[in-house]
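Student: Per mature numbering (1 follows the signal peptide of the UniProt record, and there is no 0), the sequence shown runs over residues -21 to -1, 1 to 677.
Structure provided below as structure tokens; questions to follow.
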Amino acid sequence: MPIARRRFLLAALLPVLTVGATGVLAVATGQQTSAEATATPERNPDAAVVASTTSGSVVQVVAHPDDDLFFMNPDLSRSLTAGLALTTVYLTSGEADGRNEANGSGLKDPEQPADRAHYAEARQNGIRAAYAEMATGDRTGTWKRTVISTAGGGRAELDVLMARPQVNLVWLQIREARNPTAENPDSLRGLWNGKIPALGAQLTSGTPVKQQYSYTKDQVVQSIAGLLALYKPTTRRMQDPTPGRYHDTGKYTDHQDHMYGARFVQAATAAYAAQVTDRPRFSVQNYLGYHNGTLPHALDPQTAETKTGFLKTYAWLDHQNYCGSPSGCGDRKVAGSPTGRNWAQSLRYARADNTSWLVPGTGGRLYAFAALDGQMAFWTRPGANGPAAGAWTGPTLLPGTGIDPGASTARLPDGRVAVLATRTVLGHGPADYLREIVYAVQAAPDGPFGPWQSLGTPEGADDEGTSAISAPAAAVAPDGRLTVYVRDSRRTLRAREQQPDGVFGSWQRLGGEDLQSDPVTAVDAAGRHQVYAATTKSVLAWTQPAPGAPLQGPFPTGLPATTVPLSAAAEGTGVRLYFRRPDSGVVRTALVTAGSGKPQVSSVTEAGGRAGYGAVGVAGRLLSGRADTGTIGTTGLGGPPAWTESQMLYAGAPAGVLEPAGSTTTAVLGLDAQLHITTTLPTTPTPRTPWHKAVPPK
């Protein structure tokens, strides 16, 4: 085993629980793990707070066996290492063509008969081995396989890892589409779109489930919602329900089962939130799928190597029959290329990877926003006349459901705060499914928020996937009018501007192509608005030559390729961009200065130290983001060469604010669906307080 992988697994061997089989569901519903109970708070003489460690519980729902290994790792393995209660639900059996090709080349062996039940069982065996290895370091870990009833009237297989009973796998064993893009009525896509009344099961050869069943659309939704009610997670992980299409070919950028499976999960999550009142609050994290293969690598080589190692276990690379199953011990289709099609070298969030969700109000007050339970939640901290700010309160949920993960903010000239998001409308029929941009504004500075107002979408209709819009970004004119920017499904920039009477005009086309990131905006010291978006190979800029002038661009910046998420902050006469170096994760930065033509771009510098993946929070000279262990860390721009790491994994992206007195406040949403913060003093980039819950438990 490579040294990097042994070191990665070492921590997983420590927090082994000894919970009996009857205690499995209690653990899975979010009770404190042994790792959390024995964690020693960080010592800090300046702050009487309890340091944050990873806590909460996770439920992942994916379409096929291996979607979690390709697209949710290393988040998955790190959650297991941290000792979290974690359950993965597989919607389909992943039976494909039923051939477990020994050479892993994808070429069909005419002498090998198709056997979908046995191939699906081999994939199950590979998944169990990979999870046992991630959780305990031993791929041969024992699993207890039983049958549970689903809320949809069918049966599911429940697998419990006996050495770590809080690790569960649930197999619904629904038939898969058996083709990434081709129309097949007998599929999740066909069921969602009403092409068939019900979709049957594809039972694996070794499953304890023996009775055949089928599900209607509503029964699939209720089955998933019932599993959420059983485990009551604080973090929900799922795939991307709106990955979009390639416009030159018309094909989906992701597998149709990933896309439509995620839509079933969206509907089930909404049903769970509405029907179950005795539950903790939860957040949702979406993961990019096949499209990762077309983008620069987001993971550093060591992390990618560890991730690939688990895929090799799943692929049954050594072909030793350690599992004793006649179906085989893994998925030989993956053996020829354990990295997939450039998938193992990346992890990207399809939503909630922006850093503008923390914003100042008036008098030192702060607001933090996140989507919880399908609604927009906010926490607030009043300002203070003395050296210390007031206590945080929240979360408060704004009325209205269907809010997607992620939030953007804008501060109006009078101190009022606006929050923006996308909202999914499920509708009654397939044609009614769409996403739209919504915003809510305070009625008065530091006052209550008004109702959600819809800006619609630059897309005319969903058309089976055109709702692939980005999160919105907003710029504010001196008179308080908003201009909202969004990347459309054709990967160009669109904008909608508020008129003097408060009404928004129509969607404008601002051009660009190959836009991959959410757009980011900032206003320089001269009052000029600037907008940036990453492409596959560089970054494009739109700038105002003078305050109030029409936005011009797109201009090439000449910046190198990034791992996609961008952050922007005004600095002097320009705007400083922050991004990560591909195949590294190191944070890079460059200063862009607008003018009458193409903006001027400084040379690229690096913040120093190894880092992880995802967007970078900025508060003055303090940066925050994933360190190489996946935990939230901080570093000073031009300061210490390494990240100061915490003991906490988190969801989404961090956000930071430079306060009037020069201190900083940085925030993240933990896997426990709670707001966690840290602060610094003006004299040092080192956090004065450890990461801790903004609102202490009562």
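Glycine included, every Cβ here is placed at the ideal spot set by N, Cα and C.
1. Quick check on the DSSP output: the alpha helix (DSSP H) that includes Val200 runs from which residue to which?
2. Label Glu162 either buried or exposed according to how many other C-beta atoms from any shown protein chain fall within 10 Å of its C-beta, with 16 as the threshold for buried.
3. Tell whether a beta-carbon distance below 8 Å holds between Gly173 and Pro409.
4. Given a cut-off of 8 Å, decide if Phe289 and Met113 are closer than it, judged by their beta-carbon atoms.
5. Check each candidate in Val146, Ser184 and Val502 and name the one with the smallest Cα separation from Ala109.
6. What residue from Pro661, Asp651, Leu267 and Thr659 has the CA that sits closest to Ser31's CA?
7. Quick one: Cα of Ala277 to Cα of Lys189, how far?
8. Return the CA-CA distance between Pro535 and Leu209, expressed in angstroms with no decimal places.
9. Could you tell me the distance, in whole angstroms, from the CA atom of Gly459 to the CA atom of Glu100?
10. Quick check on Gln579: buried or exposed, where buried means 16 or more other Cβ atoms within 10 Å of its Cβ?
11. According to DSSP, Tyr418 sits in a beta bridge with which residue or residues?
12. Report the residue from Ala621, Lys211 and Asp227 whose alpha carbon sits nearest the alpha carbon of Val255.
13. Under the rule that 16 or more other beta-carbon atoms within 10 Å means buried, what is Lys677, buried or exposed?
14. What is the rounded straight-line gap between the Cα of Gly319 and the Cα of Phe49?
15. What did DSSP end up calling Leu59 once you bin it into helix, strand or coil?
16. Alpha carbon to alpha carbon, what distance is there between Tyr98 and Lys286?
17. I need the DSSP call for Arg102, collapsed to helix, strand or coil.
18. Cβ atoms of Leu570 and Glu585: under 8 Å apart, would you say?
19. Can you tell me whether Gln264 is buried or exposed, with buried defined as 16 or more other CB within 10 angstroms of its CB?
20. Could you check the C-alpha separation between Arg488 and Pro430 for me, to the nearest Å?
21. Mind checking which residues open and close the beta strand (DSSP E) that includes Tyr251?
22. Identify every residue that forms a DSSP beta bridge with Trp122.
23. How about Ala447 and Gly105: are their beta carbons less than 8 Å apart?
24. Can you tell me the Cα-Cα spacing of Gly240 and Ile203, whole angstroms?
25. Determine the direct distance from the alpha carbon of Gly426 to that of Trp670, and round the result to whole angstroms.
26. Going by the C-beta, is Thr658 closer than 7 Å to any heavy atom of the ligand SAH?
27. Does the stretch 298 to 317 touch the stretch 325 to 336, meaning 3 or more C-beta pairs lie closer than 8 Å?
28. Pull up the CB-CB distance for Asn79 and Gly307, whole angstroms please, since I reckon it's below 8 Å.
29. By the DSSP assignment, the beta strand (DSSP E) with Glu284 in it spans what residues?
30. Does the distance from the C-beta atom of Thr248 to that of Arg215 stay below 8 Å?
31. Decide if Asp442 is buried, meaning its Cβ has at least 16 other Cβ atoms within 10 Å, or exposed.
32. Excluding the 5 residues flanking Thr500 on each side, which residues of the same chain have their C-beta closer than 6 Å to its C-beta?
33. Report the three-state DSSP secondary structure of Leu170 (helix, strand or coil).
34. Between the C-alpha atoms of Lys672 and Gly612, what's the straight-line distance to the nearest angstrom?
35. Roughly how many whole angstroms lie between the Cα atoms of Ala590 and Thr645?
36. Taking the C-alpha atoms as reference points, what is the distance between Pro675 and Trp521?
Tutor: If we stick to the structure as given:
1. Here the alpha helix (DSSP H) through Val200 covers Lys196 to Tyr210.
2. Exposed is the call here.
3. A distance below 8 Å separates the beta carbons of Gly173 and Pro409.
4. Contact: yes.
5. From the listed residues Val146, Ser184 and Val502, the smallest Cα separation to Ala109 is found for Val146.
6. Checked all of Pro661, Asp651, Leu267 and Thr659; the closest Cα to Ser31 is Asp651.
7. Their backbone Cα atoms lie some 42 Å apart in a straight line.
8. Their Cα atoms are separated by approximately 51 Å.
9. If I take the Cα positions, the gap works out to 60 Å.
10. The residue in question, Gln579, is exposed, as its Cβ has fewer than 16 Cβ neighbours within 10 Å.
11. Tyr418 is bridged to Leu399 and Gln432.
12. Residue Lys211 is the option with its Cα nearest to Val255.
13. Counting of Cβ neighbours within 10 angstroms places Lys677 among the exposed residues, the total staying below 16.
14. Put simply, the backbone Cα of Gly319 is about 8 Å away from that of Phe49.
15. Helix at Leu59.
16. Distance from the CA of Lys286 to the CA of Tyr98, rounded to the nearest whole angstrom, comes to 23 Å.
17. Arg102: helix per DSSP, three-state reduction.
18. In this structure, the beta-carbon distance from Glu585 to Leu570 does not fall below 8 Å.
19. Looking at its Cβ environment, which holds 16 or more other Cβ atoms inside 10 Å, Gln264 is buried.
20. C-alpha separation (whole angstroms): 28 Å.
21. From DSSP, Tyr251 is part of no beta strand (DSSP E) but of the alpha helix (DSSP H) over Gln235 to Gln254.
22. Beta-bridge partners assigned by DSSP to Trp122: Leu140.
23. It is not a contact, given that the beta carbons lie outside the stated cut-off.
24. Going from the Cα of Gly240 to the Cα of Ile203 covers about 11 Å.
25. Cα to Cα, Trp670 sits roughly 28 Å from Gly426.
26. By its list of ligands, the structure shown contains no ligand whatsoever, and the ligand SAH lies outside what it can speak to.
27. Segments in contact, no.
28. Here Asn79 really is in contact with Gly307; their C-beta atoms are around 6 Å apart, less than 8 Å.
29. Per DSSP, Glu284 belongs to no beta strand (DSSP E); it is in the alpha helix (DSSP H), Pro280 to Tyr293.
30. In this structure, Thr248 sits near Arg215, with a CB-CB distance shorter than 8 Å.
31. By the neighbour-count rule (16 or more Cβ atoms within 10 Å), Asp442 is not buried but exposed.
32. The residues are Ala452, Ala454 and Val510.
33. Per DSSP, reduced to three states, the secondary structure at Leu170 is helical.
34. For Lys672 and Gly612, the distance between alpha carbons rounds to 15 Å.
35. Cα to Cα, Ala590 sits roughly 17 Å from Thr645.
36. Answer to the nearest angstrom: the Cα atoms are 43 Å apart.
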